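Asker: Here it is, the structure in full.
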């Protein structure tokens, strides 16, 4: 089903981010070795990373899958925003784990985000978030520069969560 709210499907996977959007690229080392990659990969694909980073996830399966509708809950109490997304693609090992999801109609923004884990030749496990987005709702546009700051803070938080999970695998 193609109910995405933007036409540039897959651009965050290729790194060729489209004009007219705010861009995000965050990369951080989260551990070292096969065990770190596999345990962090399971946490990423199983929504654990998102949940530990403070995002409520509502999905029909407990693992990211291509085509899966996902509703993310951001914020607290009455200020919680519901963000409908759909998983566009999944990388499920053995050398790379990750997924891309894109916004659906009703999301406060329009765009796409890719979360990826890969091991470098030296065994370092890298976590990368690549995204493009622009606000849709009036209050998201009003927030202006705060939304990109929040998105960058979330990417950093996800990296810290995965580093903690990877450290437990060592």
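Numbering (the working numbering), first residue to last: 190 to 359.
Ideal placement from N, C-alpha and C gives every residue a C-beta, glycine not left out.
None of the values given here were measured: they were computed from a predicted structure.
#1: With three or more C-beta pairs closer than 8 Å as the rule, is the region 288-299 touching the region 222-229?
#2: Assign residue 285 to one of two classes, buried (16 or more other C-beta atoms within 10 Å of its C-beta) or exposed (fewer than that).
#3: What is the rounded straight-line gap between the Cα of residue 334 and the Cα of residue 341?
#4: Smallest Cα separation from residue 217: which of 295, 270 and 315?
#5: Please work out which residues of its chain come closer than 6 Å, Cβ to Cβ, to residue 258, disregarding the five sequence neighbours upstream and downstream, and give them in chain order.
#6: Do you know how far the Cα of residue 325 is from the Cα of residue 296?
#7: Round the Cβ separation of residue 355 and residue 246 to the nearest angstrom and send it over; I've been treating them as touching at under 8 Å.
Answerer: In this structure, then:
#1: no
#2: exposed
#3: Cα-Cα distance, rounded: 11 Å.
#4: 315
#5: 275
#6: 8 Å
#7: Their Cβ separation, rounded to whole angstroms, is 20 Å, which puts residue 355 and residue 246 out of contact at 8 Å.
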